[in-house]
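From first to last, the protein sequence lines stand for chains A and B. To convert, count from 1 in the first sequence and add 710; that's this note's numbering. To convert, count from 1 in the second sequence and add 710; that's this note's numbering. Heads up, the beta-carbon is just placed ideally off N, CA and C, and yes, glycines get one too.
Number of protein chains: 2
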Amino acid sequence: MEQTINDTLREHNLRSTGCREEVLQTFLARATALSHGDLEGDLKDRFDRVTIYRTLKTFLEKGIIHKVLDDEGARYALCREHCTEDDHHHDHVHFKCNECGQTNCLENLHVPAVQLPTGYRAQETNLLIQGLCADCAKSLDGRARAF
Amino acid sequence: MEQTINDTLREHNLRSTGCREEVLQTFLARATALSHGDLEGDLKDRFDRVTIYRTLKTFLEKGIIHKVLDDEGARYALCREHCTEDDHHHDHVHFKCNECGQTNCLENLHVPAVQLPTGYRAQETNLLIQGLCADCAKSLDGRARAF
DNA sequence: AATAATAATGCAACAGCGTTGCAAATGACA
DNA sequence: TGTCATTTGCAACGCTGTTGCATTATTATT
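1. Kindly indicate which residue of A743(A), D748(A), A739(A), H798(A) has the alpha-carbon position closest to the one of H722(A).
2. Helix, strand or coil, according to DSSP, for K754(B) in the structure here?
3. Compare the C-beta of F769(B) against all C-beta atoms of chain A and say whether one is closer than 8 angstroms.
4. Rounded to the nearest angstrom, what separates S745(A) and G783(A) at their Cα positions?
5. Would K767(B) and D781(A) qualify as a contact pair, given that the criterion is a beta-carbon distance under 8 angstroms?
6. Quick one: what does DSSP say H804(B) is sitting in, helix, strand or coil?
7. Locate the alpha helix (DSSP H) running through R764(B), then write down its first and last residues.
8. Helix, strand or coil for N716(A), going by three-state DSSP, please let me know.
9. Going straight from the alpha carbon of L734(A) to that of I762(A), what length do you get?
10. Relative to the C-alpha of C815(A), which candidate in L826(A), V803(A), N808(A) has its C-alpha closest?
11. Between which two residues does the beta strand (DSSP E) holding V778(B) run?
12. Near S726(B), which residues of its chain fall below 7 angstroms by C-beta distance, leaving aside the five closest residues on each side in sequence?
13. The alpha helix (DSSP H) spanning C843(A) covers which residue range?
14. Cβ of R730(B) within 8 angstroms of Cβ of L724(B)?
15. Would you say G843(A) faces chain B, with C-beta separation under 8 angstroms as the test?
16. Could you check what DSSP says for T736(A) in three-state terms: helix, strand or coil?
17. Look at the Cβ atom of G829(B), then the Cβ atom of K848(A), and state whether they are nearer than 8 angstroms.
18. Once the 5 residues before and after N808(B) are set aside, which same chain residues still bring their CB inside 7 angstroms of it?
19. Please name the residues in the region 794-807 of chain A whose beta-carbon is closer than 8 angstroms to at least one beta-carbon of chain B, in chain order.
20. Enumerate in chain order the residues of its own chain whose CB-to-CB distance from L779(A) is below 6 angstroms, with the five nearest sequence positions on each side excluded.
21. Heavy atom of the ligand GTP less than 7 angstroms from the Cβ of L842(B), yes or no?
22. Answer yes or no: does any C-beta atom of chain A fall closer than 8 angstroms to that of T761(B)?
23. For A844(B), tell me which candidate among R785(A), A854(A), A832(A), R853(A) has the shortest Cα-Cα distance.
24. So, for H820(A): in the same chain, excluding its five sequence neighbours on each side, which residues have a beta-carbon less than 8 angstroms away from its beta-carbon?
25. Nearest chain B C-beta to H758(A) closer than 8 angstroms, yes or no?
26. Who does L887(A) pair with in a DSSP beta bridge?
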């Protein structure tokens with residue numbers, strides 16, 4: 711694992727540093743879209759806020775993570791497909807649960823094509839669906855039945 | 711026009727005040743999604759920043775404007791359909807031009823349905839397409855041909 | 001293993017966004 | 001016209017994200 715992380719950094723031409731390793735580690739462990747605040751919560755005693763910001767920026771540029779549009783501020787998630795500096799490709803759907811607050815990539819759902827008006831050209835697409843994730847929907851149903 | 715604005719406010723149970731009239735006026739005049747900063751630019755000599763924030767918040771709650779997801783911060787646009795406090799309904803596409811920076815509602819393009827994984831429930835959907843609007847695409851082509 | 005070159009970090013400072021509390025001003029309505 | 005609830009402006013604050021600069025760590029090279 712330790713190895714995987716350093717391999718990933720090296721593959722993207724980045725030096726291995728404590729902050730980068732731990733940020734990447736956190737993304738792998740949490741497996742959900744994280745905000746800067748989420749990361750700062752975990753890492754602030756060991757690293758400076760600014761360093762975390764710069765790490766996110768670097769990872770974004772190098773294609774290790776991608777930005778996830780959220781109704782409140784920015785989040786980031788690992789690129790599962792192999793992205794590089796020049797070729798970030800993400801056309802999957804993002805889902806935010808209004809109950810637990812988690813935002814996730816639905817990797818295998820990709821954004822349906824939309825017929826734009828004449829002359830318009832699409833470059834990037836971002837689809838965010840908000841609602842209830844399977845877990846929350848289930849436990850809310852359970853709670854409702856109890857009444 | 712002046713009349714329309716006050717009617718709209720009244721319909722949503724809001725008092726007519728200078729700031730509300732001018733903010734609404736600005737939305738009608740600019741016909742594009744506006745950020746708080748855009749409004750502040752136009753109105754800051756007449757109204758306080760905070761008042762503009764509160765006006766946006768009120769309009770949002772009452773269903774006069776809706777939030778538009780943007781890659782950098784929040785924007786707002788008029789609700790064309792008739793929304794109320796309890797019933798905000800927006801399933802149209804938002805388009806942001808990477809050249810001129812404008813974000814617009816494509817009212818008549820609505821978001822295609824997506825088959826979510828089992829157990830998931832959708833409540834809101836937000837599709838942002840970024841690229842070139844017709845005007846910018848055309849003028850960029852023209853410029854390219856000149857070389 | 002030591003070094004030099006380059007890159008990353010921490011710190012301080014700053015700008016912008018968005019919110020809150022409170023006193024003063026304003027709008028709606030009798 | 002006066003009353004009351006609502007809205008406004010102001011001051012202050014916290015959070016997000018950025019920049020410049022001196023220090024420290026990583027990497028490649030000898």
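So, to answer that:
1. As a working mapping, residue 722(A) is identified with position 12 in the first sequence. Residue H798(A) is the option with its Cα nearest to H722(A).
2. Translated into positions along the second sequence, residue 754(B) becomes position 44. If DSSP states are grouped into helix, strand and coil, K754(B) belongs with coil.
3. Position 59 of the second sequence, counted from the first residue, corresponds to residue 769(B). It does not; no Cβ of chain A falls within 8 angstroms.
4. Working through the first sequence from its first residue, we reach residue 745(A) at position 35. Working through the first sequence from its first residue, we reach residue 783(A) at position 73. Taking the straight line from one Cα to the other gives about 8 angstroms.
5. As a working mapping, residue 767(B) is identified with position 57 in the second sequence. As a working mapping, residue 781(A) is identified with position 71 in the first sequence. D781(A) is positioned such that its CB atom lies no closer than 8 angstroms to that of K767(B).
6. On the second sequence, residue 804(B) is found 94 positions in, with the first residue counted as 1. Here H804(B) sits in strand by DSSP.
7. Indexing the second sequence from 1 puts residue 764(B) at position 54. Per DSSP, R764(B) is one residue of the alpha helix (DSSP H) stretching across 759-772.
8. Numbered from its first residue, the first sequence carries residue 716(A) at position 6. Note: N716(A) maps to helix in three-state DSSP.
9. Reading the first sequence from its first residue, position 24 is the one you call residue 734(A). Reading the first sequence from its first residue, position 52 is the one you call residue 762(A). Rounded to the nearest angstrom, the two C-alpha atoms are 11 angstroms apart.
10. For the purposes of this step, residue 815(A) is identified with residue 105 of the first sequence, where counting begins at 1. When only C-alpha atoms are compared, the closest one is V803(A).
11. The residue labelled residue 778(B) in the question sits at position 68 within the second sequence. Per DSSP, V778(B) belongs to the beta strand (DSSP E) from 775-778.
12. Position 16 of the second sequence, counted from the start, is the residue given in the question as residue 726(B). Cβ contact annotation for S726(B) (same chain, cutoff 7 angstroms, sequence separation greater than five): N716, L719, in chain order.
13. For the purposes of this step, residue 843(A) is taken as the residue at position 133 of the first sequence. First-last for C843(A): undefined, no H or E at that position.
14. If you number the second sequence from 1, residue 730(B) lands on position 20. If you number the second sequence from 1, residue 724(B) lands on position 14. Going by C-beta atoms, R730(B) is nearer than 8 angstroms to L724(B).
15. By 1-based counting over the first sequence, the position of residue 843(A) is 133. With the sequence shown as reference, residue 843(A) is identified as Cys, and Gly is not the correct amino acid for it. Yes, contact with chain B.
16. For the purposes of this step, residue 736(A) is identified with residue 26 of the first sequence, where counting begins at 1. The answer is helix: DSSP assigns T736(A) an H, G or I state.
17. What you label residue 829(B) is simply residue 119 of the second sequence in a count that begins at 1. What you label residue 848(A) is simply residue 138 of the first sequence in a count that begins at 1. A contact, by the Cβ cut-off of 8 angstroms.
18. Taking the second sequence and counting its residues from 1, the one referred to as residue 808(B) is at position 98. Q840, G841, L842, listed in sequence order.
19. Those residues of the region 794-807 of chain A that come within reach of chain B (Cβ to Cβ, closer than 8 angstroms) are V803, F805.
20. Taking the first sequence and counting its residues from 1, one reaches residue 779(A) at position 69. Once the five neighbours on either side are set aside, the close Cβ partners of L779(A) are N836, L838.
21. Only the bare structure without any ligand can be found here, which leaves the ligand GTP out of the picture.
22. Here residue 761(B) is taken as the residue at index 51 of the second sequence, counted from 1. Cβ-Cβ to chain A under 8 angstroms: no for T761(B).
23. If you number the second sequence from 1, residue 844(B) lands on position 134. Comparing Cα positions, the closest option is A832(A).
24. Sequence index remark: in the first sequence, residue 820(A) carries index 110 (1-based). Excluding residues within five positions, the ones whose Cβ falls inside 8 angstroms are D801, H802, V803.
25. The residue you call residue 758(A) lines up with position 48 of the first sequence. For clarity, residue 758(A) is Asp in the given sequence; the question names His instead. Judged by the 8 angstroms Cβ criterion, D758(A) is not in contact with chain B.
26. This structure cannot settle anything about residue 887(A), because the visible part of chain A is limited to 711 through 857.
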